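Colleague: So in the working numbering, spot 226 of the sequence shown is number 270, and the numbers just go up one at a time. My questions all concern the structure below.
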Amino acid sequence: MPIAPDPAEIFDRAVAEGERRLDQSLLELAATSFIAGFTIVFGIATLGVVDGLVEPQYGDVAHIAGALTFGVGVVFLVVGRSELFNENFLDPAAAAIDQDGSWLLGPLLRLWTVTLVGNLLGGFLFAFVFAVDGVLPSGSAHALSRTAEEIVHRPMRGMFASAVIGGALVSLLSFLLQGVNSVRSRITMAYIVGFLLALGPFDHVIVTAIHVFFGLLFDAAIGYGALAETIVVATAGNFVGGIGLVTFTHVAQVKGAEK
Numbered sequence: 045m046p047i048a049p050d051p052a053e054i055f056d057r058a059v060a061e062g063e064r065r066l067d068q069s070l071l072e073l074a075a076t077s078f079i080a081g082f083t084i085v086f087g088i089a090t091l092g093v094v095d096g097l098v099e100p101q102y103g104d105v106a107h108i109a110g111a112l113t114f115g116v117g118v119v120f121l122v123v124g125r126s127e128l129f130n131e132n133f134l135d136p137a138a139a140a141i142d143q144d145g146s147w148l149l150g151p152l153l154r155l156w157t158v159t160l161v162g163n164l165l166g167g168f169l170f171a172f173v174f175a176v177d178g179v180l181p182s183g184s185a186h187a188l189s190r191t192a193e194e195i196v197h198r199p200m201r202g203m204f205a206s207a208v209i210g211g212a213l214v215s216l217l218s219f220l221l222q223g224v225n226s227v228r229s230r231i232t233m234a235y236i237v238g239f240l241l242a243l244g245p246f247d248h249v250i251v252t253a254i255h256v257f258f259g260l261l262f263d264a265a266i267g268y269g270a271l272a273e274t275i276v277v278a279t280a281g282n283f284v285g286g287i288g289l290v291t292f293t294h295v296a297q298v299k300g301a302e303k
């Protein structure tokens, strides 16, 4: 059985992956971000389908069943090596910290801005396709609308705290992926994190925004102002959890061991 890499080796792997992501051309970055946006919709739509089918007979068990299916969308992202906002926090930040004389703020800002916009565009456009009448089974629209309403009607502090947790969880996935050596292990890590993200549910700005957008498409009692507020609050929380809690603490762990 192979020995798991130590934190220093994981950090070196993260730096190499971060450099690859930061070196992408604008076209490549925009394309991979768009792909990630519509790929995660498979997980969200499947969650809605399962929730809608299970809830009438089994009640709250439907939430667990839906969370179990959502993880498939995260597996698609990880195996396809697409660019998901927040999942690309740790590796590029590690590369920036490892760079002598520069924090690479320009490349980091470019990466995260293009990723966020590309993810949202891809997700929203594909949500339109799923929302066409007759695509999803009966009950799916109600389940997705209910989730959207629950998201936007929470207190803002609750959404922010949930986004901190979601940001930490998805950035932790990045760290864990650098600690495994096989595709099977990567699939397992991706599925587990996807399940936990949906089980909370904890806010990831792209997933949460697409959920709310589905609600808009299915005539939930929400407006575009709520969608915009959700994106702003969830993005802020993801940064705190992904960069502040996970990335910097793992970097501190590695740098502290070097002294």
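Here a beta-carbon is modelled for each residue, glycine too, at the ideal position from N, C-alpha and C. Note that the coordinates shown come from a computational prediction; the quantities given were computed from them, not determined experimentally.
Three Cβ pairs or more, each shorter than 8 Å: is that satisfied between the segment 233-243 and the segment 154-161?
Modeller: no
Colleague: If you follow the alpha helix (DSSP H) that Asp95 is in, where does it begin and where does it stop?
Modeller: Here residue 95 refers to the residue found at position 51 when the sequence shown is read from its first residue. 70-102 is the span of the alpha helix (DSSP H), which, as asked, contains Asp95.
Colleague: Among the candidates Leu289, Ala187, Leu160, Val123, whose CA atom is the shortest distance from the CA of Met233?
Modeller: For the purposes of this step, residue 233 is taken as residue 189 along the sequence shown, with counting starting at 1. That would be Val123, whose Cα lies nearest to the Cα of Met233.
Colleague: Measure the C-alpha to C-alpha separation of Ala106 and Leu213 and round it to an integer number of angstroms.
Modeller: Here residue 106 corresponds to residue number 62 of the sequence shown, with the count starting at 1. Here residue 213 corresponds to residue number 169 of the sequence shown, with the count starting at 1. One C-alpha to the other measures close to 23 Å.
Colleague: For my contact list, Ile88 and Phe114 are in at a C-beta cut-off of 8 Å; report their separation, rounded to the angstrom.
Modeller: Taking the first residue of the sequence shown as position 1, residue 88 is located at position 44. Taking the first residue of the sequence shown as position 1, residue 114 is located at position 70. Going by Cβ atoms, the distance from Ile88 to Phe114 rounds to 7 Å, so yes, they are a contact pair.
Colleague: Is DSSP giving Leu148 helix, strand or coil here?
Modeller: In the sequence shown, the residue the question calls residue 148 occupies position 104. Note: Leu148 maps to coil in three-state DSSP.
Colleague: Between the segment 203-220 and the segment 160-179, are three or more C-beta pairs nearer than 8 Å?
Modeller: no
Colleague: Spatial neighbours of Asp135 within its chain, please: CB distance less than 7 Å, with the 5 preceding and 5 following residues excluded, ordered by chain position.
Modeller: Counting from one through the sequence shown, the residue named residue 135 turns up at place 91. Closer than 7 Å at Cβ, skipping near neighbours: Ala58, Glu61, Gly62, Arg65, Ser218.
Colleague: Quick one, are the C-beta atoms of Ala111 and Ala242 less than 7 Å apart?
Modeller: Walking along the sequence shown from the start, residue 111 turns up at place 67. Walking along the sequence shown from the start, residue 242 turns up at place 198. Yes; because the gap between Cβ atoms is below 7 Å, this pair is in contact.
Colleague: Roughly how far, in whole angstroms, is the beta-carbon of Thr83 from the beta-carbon of Phe120, given that I think they are within contact range, below 8 Å?
Modeller: Translated into positions along the sequence shown, residue 83 becomes position 39. Translated into positions along the sequence shown, residue 120 becomes position 76. That belief holds up - the Cβ atoms of Thr83 and Phe120 are roughly 5 Å apart, short of 8 Å.
Colleague: Terminal residues of the continuous alpha helix (DSSP H) containing Asn282?
Modeller: Locating residue 282 in the sequence shown gives position 238, where the first residue counts as 1. Taken as a continuous stretch (DSSP letters only), the alpha helix (DSSP H) holding Asn282 covers 268-283.
Colleague: How is Leu180 classed by DSSP in three states: helix, strand or coil?
Modeller: As a position in the sequence shown, residue 180 is number 136, starting the count at 1. If DSSP states are grouped into helix, strand and coil, Leu180 belongs with coil.
Colleague: Return yes when the Cβ of Val295 is within less than 7 Å of the Cβ of Ile141, no when it is not.
Modeller: Position 97 of the sequence shown holds residue 141. Position 251 of the sequence shown holds residue 295. In contact: Ile141 and Val295 (Cβ atoms closer than 7 Å).
Colleague: What is the residue span of the alpha helix (DSSP H) that Gly115 lies within?
Modeller: Residue mapping note: residue 115 aligns to position 71 of the sequence shown, counting from 1. Start and end: 105-124.
Colleague: I need the boundaries of the alpha helix (DSSP H) containing Ser218, first residue and last residue.
Modeller: If you number the sequence shown from 1, residue 218 lands on position 174. That run of the alpha helix (DSSP H) goes 200-221.
Colleague: Kindly indicate which three-state DSSP category Pro49 falls into: helix, strand or coil?
Modeller: Position 5 of the sequence shown holds residue 49. DSSP places Pro49 in coil when its eight states are reduced to three.
Colleague: Do Ala192 and Ala137 have their CB atoms nearer than 7 Å?
Modeller: Position 148 of the sequence shown holds residue 192. Position 93 of the sequence shown holds residue 137. No, these two residues do not count as a Cβ contact at 7 Å.
Colleague: In angstroms, rounded to a whole number, what distance separates the CA positions of Ile147 and Val158?
Modeller: The residue you call residue 147 lines up with position 103 of the sequence shown. The residue you call residue 158 lines up with position 114 of the sequence shown. Note that residue 147 corresponds to Trp in the displayed sequence, not to Ile. Rounded to the nearest angstrom, the two C-alpha atoms are 19 Å apart.
Colleague: Could you compute how far the alpha carbon of Val284 sits from the alpha carbon of Val93?
Modeller: Here residue 284 corresponds to residue number 240 of the sequence shown, with the count starting at 1. Here residue 93 corresponds to residue number 49 of the sequence shown, with the count starting at 1. Approximately 32 Å between the Cα atoms of the pair.
Colleague: State the Cα-Cα distance for the pair Gly178 and Ala185, rounded to the nearest angstrom.
Modeller: As a first step, residue 178 must be located in the sequence shown, where it is residue number 134. As a first step, residue 185 must be located in the sequence shown, where it is residue number 141. Roughly 11 Å separates the two Cα atoms.
Colleague: Along the chain, where does the alpha helix (DSSP H) containing Pro136 start, and where does it finish?
Modeller: Counting from one through the sequence shown, the residue named residue 136 turns up at place 92. Membership of Pro136 in the alpha helix (DSSP H) is indicated by the continuous run 134-142.
Colleague: For a test of the three-state rule: what should DSSP assign to Leu160, helix, strand or coil?
Modeller: For this step, residue 160 is matched to residue 116 along the sequence shown. Residue state for Leu160 is assigned as helix, using DSSP reduced to three classes.
Colleague: Looking at Gly286 and Phe133, is the spacing between their C-beta atoms short of 7 Å?
Modeller: Within the sequence shown, residue 133 is the residue found at index 89, counting from 1. Within the sequence shown, residue 286 is the residue found at index 242, counting from 1. Yes, the pair counts as a contact, with Cβ atoms nearer than the cut-off.
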